[in-house]
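Below is one structure, written out as structure tokens; comments come after it.
See the structure below:
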């Protein structure tokens with residue numbers, strides 16, 4: 156039986172599914188009980204872009220979600236499952252949601268990009284101190300990237316752009332092999348896609364840049380390894396500079412195939428194929444906005460779901 160103070164948040168992403176199970180404390184904070192991550196790429200097998208979730212992908216998704224549900228039940232946690240870019244864009248989105256419900260009894264909320272950006276910020280503001288600052292928050296996912304601007308913890312801008320590590324790999328590096336023309340084309344494409352974001356941020360004074368999730372965490376770990384920095388238990392508040400990112404970028408881009416990239420210290424095996432696209436997005440954003448450094452938030456969308464759920468429960472109980 157699900158108890159009110161145990162919550163399981165499931166983030167159904169484009170590159171991976173995440174589960175966090177927490178116990179909500181009396182003061183509204185939470186204690187982590189369990190977490191899981193499975194790499195699964197939705198919409199990456201068929202058609203152009205991320206427009207179709209294949210039968211195989213649906214089957215794998217159901218297997219993962221069944222396991223997540225068993226784990227949630229073990230902790231007596233209520234489940235909230237949220238799907239992002241790949242599901243919201245899939246032509247067979249309704250079939251995916253319906254099949255998951257039939258096979259697992261999990262209801263999936265398919266959220267739009269701005270809602271996703273807001274939830275990511277809820278996660279970030281509980282991991283990194285944003286009070287009294289103007290912060291630019293960035294999350295580069297598999298299918299989309301979310302941009303947030305907040306002043307003193309208050310959301311001012313939330314935007315989502317259809318650039319992600321899986322999407323752009325599929326578009327520019329379908330065989331995951333890097334060719335100079337494709338790298339240049341990918342970079343120009345990212346610049347064009349974020350020109351609107353750049354326009355929105357004109358005149359905004361940014362004190363701190365905060366990054367969360369996949370690509371940015373992977374970049375930070377590569378920086379840690381390639382610069383022989385001391386090991387830390389948590390990635391929270393890790394930071395790296397534009398110079399460090401440029402070095403990592405060159406190291407990755409100079410390795411043409413996933414097999415060559417795997418040999419880099421700190422490279423995650425299951426990310427070696429899509430990391431170039433992710434780093435092109437990150438480096439282009441750094442260049443366009445002239446960022447000098449970035450600090451990491453360990454919390455992202457899934458923790459944002461938890462905080463949003465706690466707030467909703469509070470409102471319902473009052």
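In the working numbering, the protein residues as written are 156 to 473. Ideal Cβ positions, reconstructed from N, Cα and C, are used throughout, including at glycine.
Check: Contact under 8 angstroms by Cβ, residue 175 with residue 190; Outcome: yes
Check: Residues sharing a beta bridge with residue 307, DSSP; Outcome: Paired residue(s): none; residue 307 is not in a bridge.
Check: Contact under 8 angstroms by Cβ, residue 146 with residue 315; Outcome: The structure shown does not extend to residue 146, since the chain is modelled only from 156 through 473, so no value can be given for it.
Check: Beta-carbon gap between residue 331 and residue 182 smaller than 8 angstroms; Outcome: no
Check: Of the listed residues 318, 338, 255 and 302, nearest to residue 312 (C-alpha basis); Outcome: 302
Check: Reduced DSSP secondary structure (H/G/I, E/B, other) of residue 388; Outcome: coil
Check: Continuous alpha helix (DSSP H) assignments of at least 4 residues falling wholly in the region 254 to 336; Outcome: 268 to 280 and 320 to 327
Check: Contact check, residue 279 vs residue 452, beta carbons under 8 angstroms; Outcome: yes
Check: Selected residue, minimal CA-CA separation from residue 172, among 240, 231 and 448; Outcome: 240
Check: CA-to-CA distance, residue 461 to residue 177, given in whole angstroms; Outcome: 8 angstroms
Check: Touch test, the region 437 to 444 against the region 380 to 387, Cβ-Cβ under 8 angstroms, three pairs minimum; Outcome: no
Check: Beta carbon of residue 282 nearer than 8 angstroms to that of residue 454; Outcome: yes
Check: Boundaries (first-last residue) of the beta strand (DSSP E) holding residue 189; Outcome: 185 to 194
Check: Residue(s) in a DSSP beta bridge with residue 366; Outcome: 293 and 451
Check: Cutoff 6 angstroms; reference residue 290; Cβ partners in own chain excluding five residues on either side; Outcome: 305, 363 and 365
Check: N- and C-terminal bounds of the beta strand (DSSP E) containing residue 172; Outcome: 171 to 179
Check: Contact between the region 229 to 239 and the region 410 to 423 (3+ Cβ pairs under 8 angstroms); Outcome: no
Check: As assigned by DSSP and simplified to three states, the class of residue 394; Outcome: strand
Check: Rounded separation between residue 422 and residue 431 - CA only; Outcome: 12 angstroms
Check: Host beta strand (DSSP E) of residue 234 (start-end); Outcome: 232 to 238
Check: Residue from 459, 206, 162 and 188 whose Cα sits closest to the Cα of residue 480; Outcome: There is no way to answer for residue 480, as the model of the chain reaches only from 156 to 473.
Check: DSSP beta-bridge partners of residue 164; Outcome: 175 and 235
Check: With 16 other Cβ atoms within 10 Å as the buried cut-off, status of residue 223; Outcome: buried
Check: Cβ pair residue 333, residue 436 closer than 8 angstroms; Outcome: no
Check: Own chain, CB closer than 7 angstroms to residue 168, minus 5 neighbours either side, in chain order; Outcome: 239, 296 and 297
Check: Own chain partners of residue 348 with C-beta closer than 8 angstroms, once the 5 adjacent residues on each side are dropped; Outcome: 316, 317 and 318
Check: Unbroken alpha helix (DSSP H) run spanning residue 438, endpoints; Outcome: 430 to 444
Check: Residues of its chain near residue 457, where Cβ-Cβ distance is below 6 angstroms and the 5 sequence neighbours each way are ignored; Outcome: 164, 166, 173 and 175
Check: Own chain residues within Cβ distance below 6 angstroms of residue 434, not counting five before or after; Outcome: 404 and 407
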